[in-house]
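Enquirer:
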Amino acid sequence: MQNKRKEPDLTVDLAGIWLKNPITTASGTFSPRDSGQFYDLNQLGAMITKGIAPEPWEGNPSPRIAETYGGMLNAVGLQNPGVEAYIREELPYLEQFSPPVIANVVGRTVEDYCRVAEALSDTSVAMLEVNISCPNVKAGGIGFGTDPAMAALVTREVKRISKKPVLIKLSPNVTDITEIARAVESEGADGISLINTLLGMSIDARRAKILLANGTGGLSGPAIKPVALRMVYQVCRAVQIPVLGLGGIRTGEDAAEFLMAGASAVSVGTAALFNPLAPIEILQELKEFMMEMGYRTIAEMRQAFQEGQGK
Amino acid sequence: MQNKRKEPDLTVDLAGIWLKNPITTASGTFSPRDSGQFYDLNQLGAMITKGIAPEPWEGNPSPRIAETYGGMLNAVGLQNPGVEAYIREELPYLEQFSPPVIANVVGRTVEDYCRVAEALSDTSVAMLEVNISCPNVKAGGIGFGTDPAMAALVTREVKRISKKPVLIKLSPNVTDITEIARAVESEGADGISLINTLLGMSIDARRAKILLANGTGGLSGPAIKPVALRMVYQVCRAVQIPVLGLGGIRTGEDAAEFLMAGASAVSVGTAALFNPLAPIEILQELKEFMMEMGYRTIAEMRQAFQEGQGK
Amino acid sequence: MCRDKEWVQKSLVTGRVAGQERLTGDVYRIRIQGDFLEDFSREVKPGQFVNVYMKDRSTLLPRPVSICRIQSGQLELVYRVVGKGTREMAGYHRGDAIRLSSPLGNGFDLSCCQSGSALLVGGGVGIPPLLQLAGELNNRGIRSMAVLGFQREPFLIQEMEKICDKVLVATEDGSFGFAGNVVQLIEKEGQEKGLAADQVFSCGPKPMLKALADLCRERELPLQVSLEERMGCGYGACVGCAVDIKQDGKIQRKAVCKDGPVFLAEEVFWHAE
Amino acid sequence: MCRDKEWVQKSLVTGRVAGQERLTGDVYRIRIQGDFLEDFSREVKPGQFVNVYMKDRSTLLPRPVSICRIQSGQLELVYRVVGKGTREMAGYHRGDAIRLSSPLGNGFDLSCCQSGSALLVGGGVGIPPLLQLAGELNNRGIRSMAVLGFQREPFLIQEMEKICDKVLVATEDGSFGFAGNVVQLIEKEGQEKGLAADQVFSCGPKPMLKALADLCRERELPLQVSLEERMGCGYGACVGCAVDIKQDGKIQRKAVCKDGPVFLAEEVFWHAE
Ligand SMILES: Cc1cc2nc3c(=O)[nH]c(=O)nc-3n(C[C@H](O)[C@H](O)[C@H](O)COP(=O)(O)OP(=O)(O)OC[C@H]3O[C@@H](n4cnc5c(N)ncnc54)[C@H](O)[C@@H]3O)c2cc1C
Ligand SMILES: Cc1cc2nc3c(=O)[nH]c(=O)nc-3n(C[C@H](O)[C@H](O)[C@H](O)COP(=O)(O)OP(=O)(O)OC[C@H]3O[C@@H](n4cnc5c(N)ncnc54)[C@H](O)[C@@H]3O)c2cc1C
Ligand SMILES: Cc1cc2nc3c(=O)[nH]c(=O)nc-3n(C[C@H](O)[C@H](O)[C@H](O)COP(=O)(O)O)c2cc1C
Ligand SMILES: Cc1cc2nc3c(=O)[nH]c(=O)nc-3n(C[C@H](O)[C@H](O)[C@H](O)COP(=O)(O)O)c2cc1C
Ligand code: FES
Ligand code: FES
């Protein structure tokens, strides 16, 4: 192939937003002021911020983190300062940087989601990422994301109120991820993010106790990559809307795999916890991988995979 | 605690079968003739053999195996010689060893399962472990284990025909594992095994191709332990019947965690692939762990956990 | 790397092990070399820690370890082997690579200590950061006394004695110094000779810190404590390391790694264990 | 360990790296020492392989590597760096530990070769097991000729020349020996000088084996081939390494690690790639 050493074009379109590269920060694993002490945030494709509720949430007691083989469990419990503080303190800081801001939205009721979506509608936020892995307190604590009807309901209501494009972020703890994906697509979601964490547990055998104060926690990191990749592949073939892929991405080749599977862009989560420079290292590796293989654009790389697969 | 250096009593009761220790071999990762070249099979609590269908199955084409971070994917596709060959060639060999044999049963239809159960009813097999992660060809390939009604149906029919106690082995690829567990309990399952593999995928970025010939595969190994432990914990609290716990067990402490969570016994799967001596090393480590902590029996260890947890 | 923007201040660095010795039982001191230490020693504050990143790639999360001191171009960490990560560290030999973060967290607040004297109270592997603190207080002309508690065999005593005016030692089993814990020793010492300190600094196991907090509140002594919590990132990205801090009449969840690890004892909400 | 029962014959062992050298490009030879080699050399058959277990604990599965030879109390493996595991191996230094299995699989079947001559055909890192095979044939008084193919730079040529009557070399780019592949070289050689061999043994990339199988079928030469497949366990427990073998008129899925890696070429069902 020619042009082997020319820098590839990494730009992507994510549900109508133009990103200068497909690398974004996974919600809850990125803090602009703190992550930004390790690398220049302007290098990112987009900045996805931690889950924001209408009011401050205090999250779960400690311990909130357990290390697992090749991964980790977290039970942070979506601690966040609430949408007002977010608009007041976080957004102005983020506005200094060029990448678009995608605000992750959490709630315990449909109204919660809508309140955040409404509050963010007239801000500099470029897009919403609605985390439906939260338990619905009005439905006995069943996760919004584990029931197609509830997932559809949240999507419909948030879409109705939001002036911003909306990604729905799916929970992987379901029997059929494509069913949920189709449900949110049919209610007008502009795109889908996946995956959120797998539900797990850790026991400290020596203390004969459950490790996390919350009991269970969300499994993330390299350990879950095969599950994430499978779901991204399946969902990309089940819906027409764009997909933001994540789950265990740690290297440039990992990112390439998700993009080949059909993702429009990717997020780096846990990898940024165990390596604060992960997002930009992954970006660099992706670029080098594409140059080595002679791919000039992300679309070309995806194409090569589809042709190789015959699908 | 006194008796610190006395050997603990490792015996357990698994759905009416007495095991001299709780360590068994996970189905599909154990071959008596081959595993037995590395250690004395008589040391095992029980020998669980690979999935057996009524007729020979040829399984999937290669590649069938992909390594993943902290785990592996397999798409062996339940290759097996069929129940007749199993009775003719495998069982007589197994009868040389003292641990009870638990025969893993697979099928594509309810009748398949029943034919195997019937054929094994008058053999030396001590118990059946019915793998309901298989796709039901009569229901469009949906997994028996992903639908409570189908899981219940298989259980009912196999229980009706089998003279042996029956464990139902659940698929973890479901929204609510306790729902499936309750469904099989209510149809008379003598016990439950879990977990089978998580559905995953691997892409070879350099060749721009899906790695496994089958497309998707089952994720197993240390990477999945937190999911397995969570499900074992949940199911032990949702049903009254005993649970055989597995998924990522690699050390004696891992085994202790599953036993604390409520499992009556455990299986060692992938660990035996990357370390052929894993089952007996885990047994030894479990014994040493119990001695160090002063637990005299498995029940005492489980008790300590329950009291510490207040549950 | 990536120090091109004003706000990009932190990095990951690879040091070389200059030496490792066992201090006692399962407590080790590792000495680390590297160019980056020039930057570190300019910026570091007593009470800060570094993230140590493991080579065993099944253990991904960083291990936070307090900076014990930076001296003769070497970073010293003192740690107890308690699990996989610290066991790996204990296996490092001279010349091996070790991957670290820049100094993290906020150290002890010394702005309150312009003169007078300080009491340093340490328990076990909570003592290492107090060594650096003692040195810094010394530099500032503040006199310090240390009360150090151990289960059995003490360590870092000589190093502390070189800097502090006085070092008292307690061991749980009485094998060395006072038999009992540091709080009991402080109470005894206080009764016998009076306890004069303008500021108390402490690091050690939570029950010790809590008992000390009670004592200091009674005596109206200002106390700063360094806390521990299980961490995800160690640099403020995940809010995994929450502690409950009372501020402005409310309990707020703060991050040990970023807002701490040092907090004012009176602001810590001490949960019953 | 655990050799107390008659049927317990295999084990995992820890060897020491006695040395490592780069043969060419990304091909390395590692030499391994250990007491266990006494047992190994007594039992080993040409064409068997060992499982190498990695230290990087994120890569759990064993790496199968053919036994190249056991000589002067050292086990030699020759391998190409293609990924994480082989990259790790290339980083081992003299004195490092390396964890291995006993020799696994069935080697080449030499019962058919009581006399006469053999043709050994190897491609790239398929050549290592042929070295051990050549030695064994030599011991048995069977003359052998080797045809070895490489992409660019050859390796193990001298070692083969010491044992074989004749060694022909082909490189894809013609930088050394014949320009082309081994099958072309064999055809050319056969036309010019005639090819007399009672048995052909081969190991190398699948397309090479397939082309060779076609050639041997035409010439009615018996051919044994050593195959590769991705493995789970490498010892027969998982059926992860299936190949399609025609036996008794049926296609059967056999395990490369246990039933192979050597198969009769005429029984292999060669899938179109
Ligand atoms: C700010 C801070 C400073 C510290 N300074 C020192 C020091 O100077 N010397 C020293 O010996 N120890 C220190 N510790 C404790 C040290 O971090 C743990 O002992 C170490 O992380 C244990 O790792 P492991 O892999 O050996 O244990 P494992 O139990 O195998 O670790 C499993 C996981 O739990 C975490 N973990 C386990 N114990 C602790 C703990 N006590 N605190 C926080 N995380 C824990 C580990 O980081 C890891 O993620 C400090 C902790 C903190 C938070
Ligand atoms: C019986 C047998 C004998 C072999 N002998 C040799 C030899 O003497 N010299 C040599 O250089 N190579 C040999 N190989 C190939 C060698 O096993 C692979 O190159 C090696 O496993 C690659 O590991 P990696 O971690 O570097 O690559 P990665 O691609 O990172 O490995 C990922 C996974 O794929 C597996 N894998 C990758 N490539 C292969 C392959 N070609 N065959 C089987 N598994 C693979 C690995 O074992 C691992 O599980 C042999 C293979 C077999 C089956
Ligand atoms: C500490 C932590 C906090 C998280 N918080 C959020 C959150 O607020 N909202 C959300 O949608 N996902 C949250 N997640 C999930 C991640 O964004 C991501 O979906 C998941 O971790 C899988 O990706 P990874 O393996 O790359 O981490 C969190 C994950 C972690 C580890
Ligand atoms: C190669 C392979 C083959 C398997 N075959 C079967 C099978 O035949 N029947 C079954 O119920 N489970 C089968 N399993 C699933 C395991 O028994 C086990 O449930 C799963 O791997 C999780 O445990 P582990 O992480 O300890 O391996 C297989 C797993 C592997 C890796
Ligand atoms: S450990 Fe991540 S914020 Fe403190
Ligand atoms: S690799 Fe497991 S049977 Fe061959």
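Chain order of the listed sequences is X, F, Y and L. So the first sequence is numbered by my numbering: it starts at 207 and just counts up by one. So the second sequence is numbered by my numbering: it starts at 207 and just counts up by one. So the third sequence is numbered by my numbering: it starts at 1342 and just counts up by one. So the fourth sequence is numbered by my numbering: it starts at 1342 and just counts up by one. For each residue, glycine too, the CB sits at the ideal point set by N, CA and C. None of the values given here were measured: they were computed from a predicted structure.
#1: Near ligand 2, which residues have their beta-carbon less than 5 Å from any of its heavy atoms, given in chain order?
#2: Keeping to the same chain, check which residues put their C-beta closer than 6 Å to that of Ala469 of chain F; ignore five residues upstream and five downstream.
#3: Does the beta-carbon of Val1524 of chain Y, which I'm using as the reference point, lie nearer than 7 Å to any heavy atom of ligand 7?
#4: Using a Cβ-Cβ cut-off of 7 Å (strictly less than) and excluding sequence neighbours within five positions of Val1580 of chain L, which residues of its own chain qualify?
#5: Using a C-beta to C-beta distance shorter than 9 Å, which residues of chain L count as neighbours of Arg1398 of chain Y?
#6: Note down, in chain order, each residue of its chain lying with its Cβ closer than 6 Å to the Cβ of Phe303 of chain X, except the 5 sequence neighbours on either side.
#7: Locate the beta strand (DSSP E) running through Ser1442 of chain Y, then write down its first and last residues.
#8: Indicate the three-state DSSP secondary structure (helix, strand or coil) for Phe244 of chain F in the structure shown.
#9: Quick one: which unbroken alpha helix (DSSP H) runs of 4-plus residues sit fully inside the segment 314 to 370 of chain F? Chain order, please.
#10: Quick check on Tyr275 of chain X: does DSSP put it in helix, strand or coil?
#11: Please name the residue in X:Glu393, X:Leu326 and X:Thr361 whose C-alpha comes closest to that of Val151 of chain X.
#12: Would Thr503 of chain F count as contacting chain C if we go by Cβ distances under 8 Å?
#13: Assign Tyr1369 of chain L to one of three DSSP states: helix, strand, or coil.
#14: Near Gln1473 of chain Y, which residues of its chain fall below 7 Å by C-beta distance, leaving aside the five closest residues on each side in sequence?
#15: Enumerate in chain order the residues of its own chain whose CB-to-CB distance from Leu405 of chain X is below 6 Å, with the five nearest sequence positions on each side excluded.
#16: Roughly how many angstroms separate the alpha carbons of Cys340 of chain X and Gly349 of chain X, rounded to a whole number?
#17: Would a C-beta distance cut-off of 8 Å place Ile1527 of chain L and Leu1497 of chain L closer than the cut-off?
#18: With DSSP run on the structure shown, which of helix, strand or coil describes Cys379 of chain F?
#19: Would you identify the three-state DSSP class for Gln512 of chain F, choosing helix, strand or coil?
#20: Run through chain F and tell me which residues come within less than 9 Å of Tyr1576 of chain L, C-beta to C-beta.
#21: If you reduce the DSSP assignment to three classes, tell me which class Pro267 of chain X lands in.
#22: Using a Cβ-Cβ distance under 8 Å, would Asn280 of chain F count as near chain L?
#23: Hey, which unbroken runs of the alpha helix (DSSP H) at 4 residues or more fall wholly within the segment 1481 to 1519 of chain L?
#24: What's the C-alpha gap between Arg1481 of chain L and Ala1538 of chain L?
#25: Are the Cβ atoms of Ser1399 of chain L and Arg1398 of chain Y separated by less than 8 Å?
#26: Is the segment 214 to 224 of chain X close to the segment 272 to 285 of chain X, with three or more CB pairs under 8 Å?
#27: Verify the CB distance criterion: does Ala389 of chain F have a CB-CB separation below 8 Å to chain X?
#28: Quick one: does Lys431 of chain X have its CB under 8 Å from some CB of chain F?
#29: Provide the residue(s) that pair with Glu1362 of chain Y in DSSP beta bridges, ordered along the chain.
#30: For Trp263 of chain X, count the other beta carbons within 10 Å of its own beta carbon; 16 or more makes it buried, fewer makes it exposed. Which is it?
#31: Using three-state DSSP, classify Leu1536 of chain Y as helix, strand or coil.
#32: Let me see if you follow: with CB-CB separation under 8 Å, is Arg413 of chain X close to chain Y or not?
#33: Does Pro1403 of chain L get closer than 8 Å to chain F when you measure Cβ to Cβ?
#34: What span of residues does the alpha helix (DSSP H) with Leu489 of chain X cover, start to end?
#35: I need the DSSP call for Ala471 of chain F, collapsed to helix, strand or coil.
#36: Strictly by DSSP, which residues pair up with Phe1390 of chain Y?
Expert: If we stick to the structure as given:
#1: F:Glu273, L:Phe1390, L:Leu1402, L:Arg1404, L:Pro1405, L:Val1406, L:Ser1407, L:Tyr1420, L:Arg1421, L:Val1423, L:Gly1424, L:Lys1425, L:Gly1426, L:Thr1427, L:Val1466, L:Pro1469, L:Glu1569, L:Arg1571 and L:Pro1602
#2: Val438, Val449 and Gly451
#3: As for ligand 7, it is missing from this structure, which binds only ligand 1, ligand 2, ligand 3, ligand 4, ligand 5 and ligand 6.
#4: Ala1596
#5: Asp1397, Arg1398, Ser1399 and Thr1400
#6: Leu247 and Asn248
#7: Ala1438 to Ser1442
#8: Under the three-state reduction of DSSP, Phe244 of chain F is assigned to coil, being neither helix nor strand.
#9: 316 to 326 and 354 to 367
#10: Here Tyr275 of chain X sits in coil by DSSP.
#11: Because chain X is modelled from 207 through 517, residue 151 of chain X falls outside the range shown and cannot be assessed.
#12: Among the chains of the structure shown, chain C does not appear; the protein chains present are X, F, Y and L.
#13: strand
#14: Within the same chain, Gln1473 of chain Y has close Cβ partners Pro1387, Ile1408, Cys1409 and Arg1410.
#15: Asn379 and Thr422
#16: 5 Å
#17: no
#18: In the sequence on display, residue 379 of chain F carries Asn and not Cys. Coil, per DSSP.
#19: The answer is helix: DSSP assigns Gln512 of chain F an H, G or I state.
#20: Neighbourhood of Tyr1576 of chain L in chain F, by CB distance below 9 Å: Ser237, Asp240, Ser241, Gln243, Phe244, Leu479 and Pro482, in chain order.
#21: Coil, per DSSP.
#22: Asn280 of chain F counts as touching chain L.
#23: 1498 to 1504
#24: 16 Å
#25: yes
#26: no
#27: No, its Cβ sits nowhere closer than 8 Å to a Cβ of chain X.
#28: yes
#29: Under the DSSP definition of a beta bridge, Glu1362 of chain Y partners with Y:Arg1370.
#30: Trp263 of chain X is buried by the Cβ-count criterion.
#31: coil
#32: no
#33: Contact of Pro1403 of chain L with chain F is assigned, a C-beta pair being separated by under 8 Å.
#34: Ala484 to Met499
#35: strand
#36: Y:Ser1407 and Y:Leu1445
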